[in-house]
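Novice:
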Amino acid sequence: MKLLSALIILLFVSVIYSQTNPSTLKINVDIYDQFPLFNNNFQTSLPAGKTTGLVKPNLNSTTRVPELVSLSPFGNNLDGVIINPHLFKYFFSPQTNPLFPGRNFPLKMDLEFTYDSTKKVYVYNNQKFFPIDKQGFDTDVKKRIYSNHGEYHNYHFCMKMNTAFTYKGFEVFSFQGDDDVWVYINNKLVIDIGGVHNSLSASVDTTKLGLTVGKSYNFDLFFCERRTVGSTIKIETNLLFVCPFYDYCGVCQGNGSSCCNPLTTCNDNNACTIDSCPSANTSLGGSPVSKYCNHTPKVNPNPNDVCNNYQCNPLTGNFDSIPIKCQDRSSECLSSNGCNSTAGCQYKSACNGNVCNVPNKCSNGTCIVKTSEQCGIELDGQLDKCKIYSCDPNGVGCIKQDKCKQSEDKCQVVSCEASTGNCITSPIQDPLSGEDKCSIATCNPLTGEFDYNPVVCTPSSNPCIKTSCNSTDGQCYNTQIPGDMCDCGCADQINKCQVSFCTPEGVCQPKFKAGINDNNPCTFDSCDPCTGVITHMTAPHCLNCNQCSN
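Residue numbers (mature numbering (1 follows the signal peptide of the UniProt record, and there is no 0)): -18 to -1, 1 to 532.
(1) I'd like the span of the beta strand (DSSP E) that includes Ser156, first residue to last.
(2) In chain order, what are the residue ranges of uninterrupted beta strand (DSSP E) at least 3 long that sit wholly in the stretch 295 to 350?
(3) With 16 as the cutoff for other CB atoms within 10 Å, does Met519 come out buried or exposed?
(4) Look at the alpha carbon of Pro492 and the alpha carbon of Thr461, and state the distance between them as a whole number of angstroms.
(5) In the DSSP output, what is Tyr199 paired with across the bridge?
(6) Under three-state DSSP, which class holds Val11?
(7) Using DSSP with H/G/I as helix, E/B as strand and the rest coil, what is residue 536?
(8) With the cut-off set at 8 Å, would you say Ala184 and Ser156 are in Cβ contact?
(9) Return the CA-CA distance between Asn237 and Asn319, expressed in angstroms with no decimal places.
(10) Beta-carbon separation of Asp187 and Val154 under 8 Å?
(11) Could you check what DSSP says for Asp433 in three-state terms: helix, strand or coil?
(12) Note down the Cα distance separating Ser5 from Ile173, rounded to an integer number of angstroms.
(13) With DSSP as the reference, label Asn452 as helix, strand or coil.
(14) Give me the DSSP bridge partner(s) of Glu94.
(15) I need the straight-line Cα distance from Asp412 to Cys393, nearest angstrom please.
(16) When the Cα atoms are used, what is the spatial distance from Ile381 to Thr407?
(17) How is Gln293 classed by DSSP in three states: helix, strand or coil?
(18) Buried or exposed, going by whether 16 or more other CB atoms sit within 10 Å of the CB of Gly118?
(19) Using three-state DSSP, classify Thr485 as helix, strand or coil.
(20) With distances taken between CB atoms, is the gap from Val340 to Lys352 smaller than 8 Å?
(21) Could you spell out the range, first to last residue, of the alpha helix (DSSP H) harbouring Gly358?
(22) Nearest to Gly35 by alpha carbon, out of Gly177, Tyr72, Ser99, Phe139?
(23) Are the Cβ atoms of Thr264 and Tyr230 separated by less than 8 Å?
(24) Grab me the residues of Ala423's own chain with a C-beta within less than 6 Å of its C-beta, minus the 5 sequence neighbours each way, in chain order.
(25) Cα-Cα, which of Cys357, Ile306, Gly379 is closest to residue 556?
(26) Using only alpha-carbon positions, find the residue among Ser345, Ala521, Glu94, Tyr166 that is nearest to Arg46.
(27) Run through the stretch 59 to 119 for me and flag every whole beta strand (DSSP E) of 3 or more residues, listed as ranges in chain order.
(28) Please report the distance separating the alpha-carbon of Asp160 from that of Cys242.
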């Protein structure tokens, strides 16, 4: 456990000559309540001790807050128990966003110094310096988790005092205390007792700082209590601090909050404005504070939304969205497809949903339909004169058909001339053409098949002339019938042993069948006229073969 005890003796701008010095002197300070869960540079268990050289020797004249020499978690920072250097900047600067590390709770208070007329100095002495008990984070009882044998205090905080004095030429100061104490005069580091340590003391002779008599200089004191359990501070000084500025409420280094409340003083009853008090150094000129209040219009939370116009409702303070009306682009064959908050109104082409429309082509609100020429190029790369191109909107789009349709007569073949696109009709060819010219081929128009009939030659009026067809040239020709081969119909039809024959003169005459007479004298030749059966019986008078008797 550590004891905080600080004794700071500060020589003011001049030794107090007058015996009428105020009995008390209030100095406004900023305190930043720290919680170890949010800033792990507090309540560490590392070895501790005095560490110099942690902060830069020159104070930032703009922020008037000390800065670390290094952001490394090792070396001098580790010796000074600053294990997370990136959070050091929140020792003496506000960080109230719970989403980020280093969160603290800013507070303001006055240190009241008492004048010691014997020593002619002002003194602040507090051996139990716990100025923000149950304040800051500790307004939540769940965060009151640190104590000294059951005695609760808020042990983790940092304090800064930014003020000024006018140098008289002989001031000195000294102090005694523990944990981090840094003092800057004229933005130069004059006291450097950093780290978590026991009570230590130091003093400074301002006559050795190169100050100019009669000139005012900044005085900045920084103090932290980083570990339980004790905390004391004692300040003695004959420096007469002068207030750098008074706010319009008359408070030294005030922020105007003592006489201005943005919720009441500056309320304009318009929920669409953010009401705030004027800056602390505003000159009121005798007018009421409310005259100088700030009423900043609320900013549209959706500035990049191009689909809506936003208007603040003065009753609720909320921004009501008013959708924009997208332009009617039906003349371009475009229909609305909603609005994208970043890209704006969206459209889709009505011409892209039909395969027969030229994509994204529109004329006066009507989609342009693909022509036969366009379909020909789409399907074949070029127009085929023997094809008819069209587009089927209910099917696959562009289609093609043969220009020349086949005839219902299957004996005809319809073809197309590629160069002109003319249709040509030709009969189908007989597959047996030329093989037998005495057959007449006839095509069946229903089947496209050929029927073959023989060539009919006109018979000669001469029964002894035979008319036939020549298979080579298909011509009919006549041939003479031998006399005994012709049956010209002049024989006795009852006598079957007779036949007709033609004489060389073409005269039809009956005669007996050839074969009745076998020219054998030893046989008796006969023919049955009813049946035409021929018999050859041996003659009874034949004595021997081929010899006959009388």
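By construction, the Cβ of each residue, glycine as well, lies at the ideal position given by its N, Cα and C atoms.
Every value quoted in this text rests on a predicted model; they were computed, and no experiment measured them.
Specialist: Here's the rundown:
(1) As a first step, residue 156 must be located in the sequence shown, where it is residue number 174. Ser156 -> beta strand (DSSP E) spans 154 to 159.
(2) The stretch 295 to 350 contains these whole beta strand (DSSP E) runs: 301 to 305, 316 to 322, 326 to 331, 339 to 345.
(3) One-based indexing of the sequence shown puts residue 519 at position 537. Exposed, because fewer than 16 other Cβ atoms sit within 10 Å of the Cβ of Met519.
(4) On the sequence shown, residue 492 is found 510 positions in, with the first residue counted as 1. On the sequence shown, residue 461 is found 479 positions in, with the first residue counted as 1. The straight-line gap from Cα to Cα measures roughly 22 Å.
(5) As a position in the sequence shown, residue 199 is number 217, starting the count at 1. In the DSSP output, where bridge partners are listed per residue, Tyr199 has Phe147.
(6) Taking the first residue of the sequence shown as 1, we reach residue 11 at position 29. Val11: strand per DSSP, three-state reduction.
(7) The structure shown does not extend to residue 536, since the chain spans only -18 to 532, so no value can be given for it.
(8) What you label residue 184 is simply residue 202 of the sequence shown in a count that begins at 1. What you label residue 156 is simply residue 174 of the sequence shown in a count that begins at 1. Yes, the pair counts as a contact, with Cβ atoms nearer than the cut-off.
(9) As a first step, residue 237 must be located in the sequence shown, where it is residue number 255. As a first step, residue 319 must be located in the sequence shown, where it is residue number 337. In a straight line, the C-alpha of Asn237 is about 54 Å away from that of Asn319.
(10) Within the sequence shown, the letter at position 205 stands for residue 187. Within the sequence shown, the letter at position 172 stands for residue 154. Yes, these two residues count as a Cβ contact at 8 Å.
(11) In the sequence shown, residue 433 corresponds to position 451, counting from 1. Three-state result, Asp433: strand.
(12) Counted from its first residue, the sequence shown places residue 5 at position 23. Counted from its first residue, the sequence shown places residue 173 at position 191. Roughly 28 Å between the two C-alpha positions.
(13) Translated into the one-based positions of the sequence shown, residue 452 becomes position 470. In this structure, Asn452 counts as coil in the three-state DSSP scheme.
(14) Counting from 1 along the sequence shown, the entry for residue 94 is found at position 112. For Glu94, which the question treats as bridged, DSSP gives the partners Lys8.
(15) Position 430 of the sequence shown, counting from 1, holds the residue named residue 412. Position 411 of the sequence shown, counting from 1, holds the residue named residue 393. Going by the C-alpha atoms only, they are around 10 Å apart.
(16) For the purposes of this step, residue 381 is taken as the residue at position 399 of the sequence shown. For the purposes of this step, residue 407 is taken as the residue at position 425 of the sequence shown. Going from the Cα of Ile381 to the Cα of Thr407 covers about 25 Å.
(17) On the sequence shown, residue 293 is found 311 positions in, with the first residue counted as 1. Looking at Gln293 - three-state DSSP - the assignment turns out to be strand.
(18) Residue numbering aside, residue 118 sits at position 136 when the sequence shown is read from its first letter. Taking every protein chain shown into account, the CB of Gly118 has 16 or more other CB atoms within 10 angstroms, so this residue is buried.
(19) The residue you call residue 485 lines up with position 503 of the sequence shown. Per DSSP, reduced to three states, the secondary structure at Thr485 is coil, with no helix or strand assignment.
(20) Translated into positions along the sequence shown, residue 340 becomes position 358. Translated into positions along the sequence shown, residue 352 becomes position 370. A contact, by the Cβ cut-off of 8 Å.
(21) Sequence index remark: in the sequence shown, residue 358 carries index 376 (1-based). Here the alpha helix (DSSP H) through Gly358 covers 354 to 362.
(22) For the purposes of this step, residue 35 is taken as residue 53 along the sequence shown, with counting starting at 1. Ranked by Cα distance from Gly35, the first of Gly177, Tyr72, Ser99, Phe139 is Gly177.
(23) The residue labelled residue 264 in the question sits at position 282 within the sequence shown. The residue labelled residue 230 in the question sits at position 248 within the sequence shown. The answer is yes: Cβ separation under 8 Å.
(24) Numbered from its first residue, the sequence shown carries residue 423 at position 441. Closer than 6 Å at Cβ, skipping near neighbours: Asp412, Phe432, Tyr434.
(25) An answer regarding residue 556 cannot be provided, because it is not within the stretch -18 to 532 covered by the chain.
(26) By 1-based counting over the sequence shown, the position of residue 46 is 64. Here the closest residue by C-alpha is Tyr166.
(27) Counting whole runs of 3 or more residues, the stretch 59 to 119 contains the beta strand (DSSP E) stretches 86 to 98, 103 to 108.
(28) Along the sequence shown, one-based indexing puts residue 160 at 178. Along the sequence shown, one-based indexing puts residue 242 at 260. Approximately 38 Å between the Cα atoms of the pair.
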